[in-house]
Amino acid sequence: MPQPEGVSIRATCPACGDVDLVISQIQAQLCVTDNRGSYSFSCPGCTSDISKPAEPGVVDLLVSAGVDLTVWQRPADEGEIHDGPAFTWDDVLAFHEALEQPDWLDKLTSATSS
Ligand SMILES: [Zn+2]
0 MPQPEGVSIR
10 ATCPACGDVD
20 LVISQIQAQL
30 CVTDNRGSYS
40 FSCPGCTSDI
50 SKPAEPGVVD
60 LLVSAGVDLT
70 VWQRPADEGE
80 IHDGPAFTWD
90 DVLAFHEALE
100 QPDWLDKLTS
110 ATSS
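Going by numbering that gives the first Met the number 0, the first residue of the sequence shown is number 0, and it counts up by one from there.
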């Protein structure tokens with residue numbers, strides 16, 4: 000009587016072609032930053048480590064079959080340069096002018112009390 004090995008999954012190795020893998024030979028990865036999935040396995044034929052992109056739906060399928068999932072996140076501001084314009088005197092003056100309208104408070108209160 001054969002040992003139950005669970006579901007086998009067919010994957011493609013660039014060197015060996017189609018290979019059959021068991022769940023424990025596959026790892027799935029999902030990047031939550033851009034919702035991009037991939038899976039990787041060690042080819043039973045040539046022992047190379049192969050990593051392939053996968054639709055998030057495929058990742059779900061692999062995970063529901065019992066594949067280990069690694070969720071990772073790309074650092075949000077990796078290499079990002081904060082070079083936006085500084086708050087200038089023009090901005091301060093524009094704000095100051097708005098407050099110099101004699102009825103700015105009336106406008107504000109009438110807008111909220113009607
Ligand atoms: Zn191979």
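Cβ atoms here follow ideal geometry from the backbone N, Cα and C, with glycine treated the same way.
Just so we're clear, the structure is a prediction, and the values are computed from it rather than from any experiment.
Alpha carbons only, please: which of the options is nearest the one belonging to residue i?
| i | options | result |
| --- | --- | --- |
| ILE49 | VAL58, GLN72 and TYR38 | TYR38 |
| GLU54 | PRO43, THR69 and ARG35 | ARG35 |
| THR46 | ASP90, ALA14 and ALA93 | ALA14 |
| VAL70 | ALA10, GLN24, GLN28 and VAL6 | GLN28 |
| LEU61 | GLY16, GLN24 and ASP89 | GLN24 |
| SER41 | ASP33, LEU20, PRO52 and GLN72 | LEU20 |
Round the Cβ separation of residue i and residue j to the nearest angstrom and send it over; I've been treating them as touching at under 8 angstroms.
| i | j | result |
| --- | --- | --- |
| GLN26 | ASP59 | About 15 angstroms; that fails the 8 angstroms criterion. |
| GLY65 | ILE8 | In fact, because the Cβ distance is near 10 angstroms, the residues do not count as touching under 8 angstroms. |
| GLY44 | CYS12 | 6 angstroms |
Measure the alpha-carbon distance for residue i versus residue j and round it to whole angstroms.
| i | j | result |
| --- | --- | --- |
| GLU96 | ASP82 | 27 angstroms |
| GLN2 | SER63 | Note that GLN2 scores 44 on pLDDT, short of 50, meaning its location in the model is unreliable and no value can be drawn from it. |
| THR108 | CYS30 | 49 angstroms |
| VAL18 | ALA85 | 58 angstroms |
| LEU98 | LEU92 | 10 angstroms |
| task | Could you pull out every unbroken beta strand (DSSP E) segment of at least 3 residues lying fully inside the region 16–57, listed in chain order? | result | 16–21, 25–30, 35–41 and 48–53
| task | When you get a sec, list the residues whose CB is within less than 6 angstroms of any heavy atom of ligand 1, chain order please. | result | CYS12, ALA14, CYS15, CYS42, GLY44, CYS45 and SER47
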